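A quick write-up on the structure given underneath.
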Amino acid sequence: MLIQSVVTVMLEIQTLIDEIQEEANRAEFPIDEPIYQKANAEPTQPILYAGNLQSPLCVFGRDLGKDEVANRQPLYGAAGSLVRKGLYRTLFNTESTDKTELEKVLNQVLLTNTVPYKPPGNKAYSTAVKQRFRPYIERLLVCHWQGDRIITLGNDAFDWFTPYAPKGTLKEFFQRGDRYSSSQPITLQATDSQGNLHQRPITLLPLPHPSPLNQRYYAQFPLLLQQRLSDIFQ
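For what it's worth, UniProt numbering labels the leading residue of the sequence shown as 1, then goes sequentially.
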């Protein structure tokens with residue numbers, strides 16, 4: 001029965017991935033095609049997630065970078081490596097800088113983004129593109145992932161969850177001085193492939209984006225992440 005359940009889940013996930021690609025092929029939107037060509041990857045093939053759908057934690061980023069496309073995984077580049085190193089440190093109580101060794105953290109976390117594609121350059125996708133792919137990300141988080149805590153990386157990732165809280169709630173929360181140590185409950189909702197509505201209570205745990213360009217918080221990020229992870233995996 002367990003094997004049958006696993007097979008069913010994988011078939012459902014593959015159906016979701018196929019539907020995302022169908023949507024991507026339906027109408028053009030900005031994709032960094034040269035990066036996909038360099039990686040010998042199909043531009044409309046989504047890189048939806050990496051990790052364990054049974055894990056308690058999701059780390060939610062903005063979108064893919066060139067390293068993510070090359071390796072077919074979200075959060076694989078410089079910023080993602082900081083996240084993975086923090087997870088490794090918490091889970092195994094030791095340090096690791098080896099990319100292969102860091103893969104072990106995927107047993108304990110789900111990694112995904114607002115849009116499963118790489119935009120041209122380093123610019124965020126427009127609201128219209130995020131809305132276009134929102135139903136599929138909702139299905140991943142509500143219908144397939146089994147956890148209930150989401151660490152968001154940066155403003156764009158946090159703002160993606162605005163529709164799931166009362167108007168003004170997330171904006172008010174983000175103005176607080178303790179936003180990177182406090183949490184915000186929301187209720188995610190999604191419509192499955194049969195048209196049924198599902199809801200799930202989720203706790204958001206925002207963090208700044210771990211980019212060197214984020215000079216205000218870059219140096220603080222490892223400690224802020226460690227505090228979040230210690231609360232989750234204590």
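Cβ atoms here follow ideal geometry from the backbone N, Cα and C, with glycine treated the same way.
Quantities reported herein were computed from a predicted structural model and do not represent experimental measurements.
Asked: Contact between the region 46 to 58 and the region 112 to 132 (3+ Cβ pairs under 8 Å); Found: yes
Asked: Buried or exposed by the 16-neighbour rule on C-beta atoms within 10 Å, applied to Pro212; Found: exposed
Asked: Short Cβ contact (8 Å threshold) for Leu106 with Leu16; Found: no
Asked: Span of the beta strand (DSSP E), counted from its first residue to its last, around Phe60; Found: 57 to 61
Asked: Proximity of Gly154 and Arg62 at Cβ, strictly below 8 Å; Found: yes
Asked: Residue span of the alpha helix (DSSP H) that contains Gly51, given as start and end; Found: No alpha helix (DSSP H) holds Gly51; the beta strand (DSSP E) holding it covers 49 to 51.
Asked: Backbone secondary structure at Gln73 - three-state DSSP; Found: coil
Asked: Close-in-space but distant-in-sequence residues of the same chain around Ala39 (CB under 7 Å, 5 per side omitted); Found: Val69, Ala70
Asked: Rounded separation between Asp67 and Ala41 - CA only; Found: 12 Å
Asked: Collapsed DSSP secondary structure at Asp64 in the structure displayed; Found: One detail in the question is off: residue 64 reads as Leu in this sequence, not Asp. Correct three-state label for Leu64: coil.
Asked: Cβ-heavy atom distance, Thr203 to the ligand NAP, below 7 Å; Found: Of ligands this structure carries none, so the ligand NAP is not represented either.
Asked: Rounded separation between Thr94 and Tyr88 - CA only; Found: 7 Å
Asked: Among Leu75, Thr169, Val9, nearest to Leu102 - alpha-carbon criterion; Found: Leu75
Asked: Contacts around Gln4, its chain only, beta-carbon distance under 6 Å, and the 5 residues preceding and following it disregarded; Found: Bear in mind that the predicted position of Gln4 carries a pLDDT of just 48, short of 50, making it unreliable; the figure below should be weighed with that in mind. Closer than 6 Å at the Cβ level, and outside the excluded window around Gln4, lies no residue.
Asked: Buried or exposed (CB count within 10 angstroms, at least 16 for buried), His198; Found: exposed
Asked: Which of helix, strand or coil DSSP assigns to His209; Found: coil
Asked: Own chain partners of Gly147 with C-beta closer than 7 Å, once the 5 adjacent residues on each side are dropped; Found: Ser55, Pro56, Leu57, Cys58, Leu110
Asked: Top-ranked residue by Cα proximity to Pro208, from Glu33, Arg179, Phe133, Ala165; Found: Arg179
Asked: Minimum C-alpha distance to Ala157 - residue among Gln131, Arg176, Gly177, Ala24; Found: Gln131
Asked: Under the three-state DSSP convention, the category Asn93 falls into; Found: coil
Asked: Beta strand (DSSP E) segment containing Leu153, residue limits; Found: 149 to 153
Asked: Sub-8 Å separation of Phe161 and Thr112 beta-carbons; Found: no
Asked: Proximity below 8 Å, CB of Leu205 to CB of Ile137; Found: no
Asked: The alpha helix (DSSP H) enclosing Gln131, as first and last residue numbers; Found: 127 to 139
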